[in-house]
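Enquirer: Take this structure, written in structure tokens, and hold onto it; I'll ask about it next.
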Amino acid sequence: MDKRIDWDQYFMTQATLLALRSTCQRLSVGALIVRDKRVIAGGYNGSVAGDVHCIDEGCYLVDGHCVRTIHAEMNAVLQCAKFGVATEGAEVYVTDFPCLQCTKMLLQAGIVKINYLRNYHNDKYAVELLKRKKVDIKQIKFSSEDLKKIDLSAIIENLSEDSK
1 MDKRIDWDQY FMTQATLLAL RSTCQRLSVG ALIVRDKRVI AGGYNGSVAG DVHCIDEGCY
61 LVDGHCVRTI HAEMNAVLQC AKFGVATEGA EVYVTDFPCL QCTKMLLQAG IVKINYLRNY
121 HNDKYAVELL KRKKVDIKQI KFSSEDLKKI DLSAIIENLS EDSK
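Just so you know, we're using full-length UniProt numbering here: the sequence shown kicks off at 1 and counts up by one.
Following this line, the structure appears as structure tokens:
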């Protein structure tokens, strides 16, 4: 048995950890932008930096959508824009299939592959757009053996024992 998880699982695990920082009460999402097997940005869904969060004051819903939240994919792309990092030719690892607006934004940012963990209201037009633009779409899977490899409680426990 190989002790290492593969690259897709490695990056998706990081996206999952980013989701743990989400301030959204409805769905925690993490996104990681990767180029040439190197992380260039990460994001999670939450409010504008320094503003109130949904976990503190509740969701600000308009027509069934929280208008306070910036989606994880957008936060990751905006991080690239803020620091002058090109996204052309990169791929994204996102815990949930991107909504239509994020799909269009990722296309405009030059993302060439979307890796996702869970299906979440997969918009037909978003899928159609991705296919038409020849963007690869891949659902990342984890076997029970893979999950044992990324069991953080076991890893941290082993690291603690090693340092004794």
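Beta carbons are placed, not taken as given, at the ideal position from N, Cα and C, and that holds for glycine.
This structure is a prediction, so every number in the text was calculated from the model and none was measured.
#1: Apply the 10 Å Cβ neighbour rule to Ala-31 and answer buried if 16 or more other Cβ atoms are within range, or exposed otherwise.
#2: Between residue 238 and Val-112, which are expected to be in contact by the criterion C-beta below 8 angstroms, what is the C-beta distance as a whole number of angstroms?
#3: What are the uninterrupted segments assigned as alpha helix (DSSP H) that are 4 or more residues long and contained completely in the UniProt domain "CMP/dCMP-type deaminase" (6-128), given in chain order?
#4: Is it true that the CB of Gly-42 sits closer than 7 angstroms to the CB of Ala-86?
#5: Check whether the Cβ atoms of Thr-69 and Cys-24 sit closer than 7 angstroms, and answer yes or no.
#6: Do Met-12 and Leu-147 count as a contact pair if the criterion is CB distance below 7 angstroms?
#7: Among Ala-72, Ile-114 and Asp-136, which residue has its Cα nearest to the Cα of Val-48?
#8: Taking Ala-90 as the reference, which of Cys-99, Leu-18 and Leu-107 has the closest Cα?
#9: Less than 7 angstroms between the beta carbons of Phe-97 and Asn-122, yes or no?
#10: For a test of the three-state rule: what should DSSP assign to Lys-131, helix, strand or coil?
#11: Assuming contact is defined by CB atoms lying nearer than 7 angstroms, are Ile-140 and Ile-114 in contact in what I supplied?
#12: Only counting the same chain, and skipping five residues up and downstream in sequence, which positions put a Cβ closer than 7 angstroms to that of Cys-102?
Expert: On the basis of the supplied data:
#1: Locating residue 31 in the sequence shown gives position 31, counting from the first residue. So Ala-31 ends up on the buried side.
#2: Here the chain has residues from 1 to 164 only, and residue 238 is not among them.
#3: 7-19, 54-57, 72-83 and 100-108
#4: Sequence index remark: in the sequence shown, residue 86 carries index 86 (1-based). Sequence index remark: in the sequence shown, residue 42 carries index 42 (1-based). Taking 7 angstroms as the Cβ cut-off, Ala-86 and Gly-42 do not qualify as a contacting pair.
#5: As a first step, residue 69 must be located in the sequence shown, where it is residue number 69. As a first step, residue 24 must be located in the sequence shown, where it is residue number 24. Contact flag set, yes.
#6: Residue numbering aside, residue 147 sits at position 147 when the sequence shown is read from its first letter. Residue numbering aside, residue 12 sits at position 12 when the sequence shown is read from its first letter. Cβ distance not < 7 angstroms, so Leu-147 and Met-12 don't count as in contact.
#7: Here the question's residue 48 lines up with position 48 in the sequence shown. Answer by Cα proximity: Ala-72.
#8: By one-based count along the sequence shown, residue 90 stands at place 90. Residue Leu-107 is the option with its Cα nearest to Ala-90.
#9: Translated into the one-based positions of the sequence shown, residue 97 becomes position 97. Translated into the one-based positions of the sequence shown, residue 122 becomes position 122. Cβ distance < 7 angstroms, so Phe-97 and Asn-122 count as in contact.
#10: Along the sequence shown, one-based indexing puts residue 131 at 131. Note: Lys-131 maps to helix in three-state DSSP.
#11: Counted from its first residue, the sequence shown places residue 140 at position 140. Counted from its first residue, the sequence shown places residue 114 at position 114. No, they are not a contact pair.
#12: For this step, residue 102 is matched to residue 102 along the sequence shown. Same-chain partners within the cutoff: His-71, Glu-73 and Met-74.
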